[in-house]
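Novice:
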Amino acid sequence: MRSEWQLEIRRGSAVERSHHAGLGDGLDALEAAARAARTERRAPVDLRVRAYAPGDQVVARIEIRGGGVRAGIDVNGDGSMTAHTGRIRRRPIATGERETPLAALRRTLGAD
Numbered sequence: 288m289r290s291e292w293q294l295e296i297r298r299g300s301a302v303e304r305s306h307h308a309g310l311g312d313g314l315d316a317l318e319a320a321a322r323a324a325r326t327e328r329r330a331p332v333d334l335r336v337r338a339y340a341p342g343d344q345v346v347a348r349i350e351i352r353g354g355g356v357r358a359g360i361d362v363n364g365d366g367s368m369t370a371h372t373g374r375i376r377r378r379p380i381a382t383g384e385r386e387t388p389l390a391a392l393r394r395t396l397g398a399d
């Protein structure tokens with residue numbers, strides 16, 4: 288039996304998927320994966336024509352979908368995170384003062 292919410296974790300070419308009965312459970316798993324990915328750091332990459340700072344590199348993309356909603360978190364090479372909705376056209380979620388991207392994602396999805 289398929290669960291209502293699917294979590295997809297992408298790190299490089301590796302993809303992990305898990306299913307969760309409720310949004311809260313799925314977001315808890317998303318948050319745990321994002322915190323684990325934050326420990327990975329990337330070195331700057333210089334390709335002669337363009338340089339990529341660690342903050343420009345995505346270490347992990349973690350997305351949740353279900354109930355007609357797609358949203359997620361990008362974890363960057365410097366440990367920063369960006370919350371977004373959508374998949375093809377990712378729209379950043381604005382964070383409030385003293386609000387983390389994970390809290391902003393929960394707020395946007397109505398799970399706070």
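Read in order, the letters of the sequence shown correspond to residues 288 to 399 in our numbering.
We treat Cβ as the ideally placed atom computed from N, Cα and C, and that holds for glycine.
Computed from a predicted structure; not experimentally measured.
(1) Let me know the secondary structure DSSP gives E327 once reduced to three states.
(2) Could you please give the first and the last residue of the uninterrupted beta strand (DSSP E) stretch that includes A390?
(3) Taking only three categories from DSSP, how would you classify D312?
(4) Just grab the DSSP bridge partners of S305 for me.
(5) Assuming S367 and G342 are in contact, meaning their beta carbons sit under 8 Å apart, how far apart are those beta carbons, in whole angstroms?
(6) Between which two residues does the beta strand (DSSP E) containing E384 stretch?
(7) Put R348 into one of helix, strand or coil per three-state DSSP.
Specialist: Put simply:
(1) Note: E327 maps to coil in three-state DSSP.
(2) Element bounds for A390: not the beta strand (DSSP E) but the alpha helix (DSSP H), P388 to L396.
(3) helix
(4) Answer by DSSP bridge pairing, in chain order: L294.
(5) 6 Å
(6) Taken as a continuous stretch (DSSP letters only), E384 belongs to no beta strand (DSSP E), as it is neither H nor E.
(7) strand
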